[in-house]
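Below: one structure, written as structure tokens.
In our numbering, the protein residues as written are 21 to 403.
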């Protein structure tokens with residue numbers, strides 16, 4: 021009997037060793053349920069707890085209901101605990117759930133509650149704002165720096181990602197998920213009220229254009245620019261999906277160590293003739309990476325100009341596409357995209373190959389090896 025009692029106590033001790041209180045135990049979306057119910061059944065006013073849960077058809081004393089109150093309170097949506105006689109919305113909670121609140125005010129309030137008011141979430145956001153979402157292990161290390169216990173770091177990161185996606189500050193853009201500045205997302209919102217249960221940030225395409233737009237010519241530091249020459253195609257086409265995948269999952273990660281900002285032709289964010297702007301990037305960028313996949317004629321036109329200028333260039337191509345005969349004697353990195361089973365296991369290898377070629381090209385720019393420099397070694401272009 022004594023052993024059984026000890027076992028029970030040990031089990032109770034294990035159950036009581038609950039997770040950290042440094043962040044809520046539920047996502048912001050799940051915690052909105054209580055706040056939205058106050059809006060729906062009490063018009064956003066103070067309401068008796070028992071009455072509210074009765075309207076919600078939930079037991080006020082169940083574990084799930086208690087967690088609903090605790091997490092809503094933890095996010096700053098509501099005031100009152102699971103034993104309080106009344107529950108009410110906080111000022112920010114009213115803004116985050118009001119049906120007549122301006123969309124930008126609503127999202128601003130939600131961002132404040134779901135990210136900014138939780139120190140560990142805020143630290144993760146600030147560390148990655150404007151960048152691609154890194155591996156979860158990197159984010160977990162950042163969470164640990166905020167005193168989140170090692171056993172809870174993974175949960176903290178997962179909760180942050182879920183909240184960021186809900187708010188629209190985590191978006192898939194150009195083949196990779198990116199953490200966007202909240203001000204950028206706010207600017208893309210409509211000016212009319214939206215339903216309280218949803219957040220409607222702009223489409224990934226609209227955000228893509230703003231986030232990836234190249235700096236204006238008069239402010240461009242060309243020593244920090246890599247121009248990515250690539251077949252682009254129409255939105256949703258196979259070529260666009262290919263270009264986005266290569267850019268976000270291979271090219272950009274490969275260039276991180278070099279501190280270069282990658283710009284693609286469709287993201288040049290300044291007025292004027294697009295052809296003139298492309299030529300400017302081709303001849304002025306510190307580095308050019310040219311994707312010869314699909315044998316796009318525009319790509320070869322721009323690549324030829326770069327070759328004539330004898331500037332650092334790295335060439336890549338799908339393995340399924342044959343390297344043109346006049347380029348097959350020069351280094352072109354081939355990538356097998358036949359199917360996911362051949363591509364995914366080699367992603368790190370492809371990134372390493374690109375990084376190696378970039379390092380060599382930048383180390384000695386004058387030694388650029390291409391058909392033009394081979395047959396006309398004394399040809400020089402001056403600007």
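Just so you know, even glycine gets a beta-carbon here, dropped at the ideal spot from N, CA and C.
Membership of residue 377 in the alpha helix (DSSP H) is indicated by the continuous run 367 to 383. When the five nearest sequence neighbours on each side are left out, the beta carbons in the same chain lying within less than 6 Å of the beta carbon of residue 336 are those of 311, 353, in order along the chain. Per the Cβ contact rule, the stretch 112 to 126 is not in contact with the stretch 177 to 194 (fewer than 3 Cβ pairs under 8 Å). Residue 347 is positioned such that its CB atom lies no closer than 8 Å to that of residue 307. Between the stretch 149 to 159 and the stretch 126 to 140 there are fewer than three C-beta pairs closer than 8 Å, too few to call the two in contact. One alpha carbon belongs to residue 258, the other to residue 331, and they sit about 30 Å apart.
Going by DSSP, residue 264 is part of the alpha helix (DSSP H) stretching over 258 to 266.
The beta carbon of residue 320 lies closer than 8 Å to those of 312, 344 in the same chain, with the five residues before and after it left out. DSSP, read as helix, strand or coil, puts residue 403 in coil. For residue 88, same chain residues with a beta-carbon under 6 Å away, outside a window of 5 residues either side, are 54 in chain order. Taking every protein chain shown into account, the CB of residue 351 has fewer than 16 other CB atoms within 10 angstroms, so this residue is exposed. Taking 8 Å as the upper bound for CB-CB distance, residue 246 and residue 265 are not in contact here, some 17 Å apart.
At a Cβ-Cβ threshold of 8 Å, residue 401 and residue 328 count as neighbours. Distances from the CA of residue 144 to each of 133, 384, 58, 160 were compared; the closest alpha carbon is that of 160. Within the same chain, 59, 64, 126, 216 come within 8 Å of residue 118 by CB-CB distance, once the 5 residues on both sides are set aside.
In this structure, residue 176 places its C-beta atom within 8 Å of the C-beta atom of residue 163. DSSP, reduced to helix, strand and coil, places residue 301 within a helical segment of the structure shown. Take the alpha-carbon of residue 364 and the one of residue 338: they are about 14 Å apart.
Looking at the backbone, the Cα of residue 141 and that of residue 180 are separated by about 6 Å.
Under DSSP, the beta-bridge partners assigned to residue 106 are 68. Our two residues, residue 62 and residue 192, have alpha carbons roughly 38 Å apart in a direct line.
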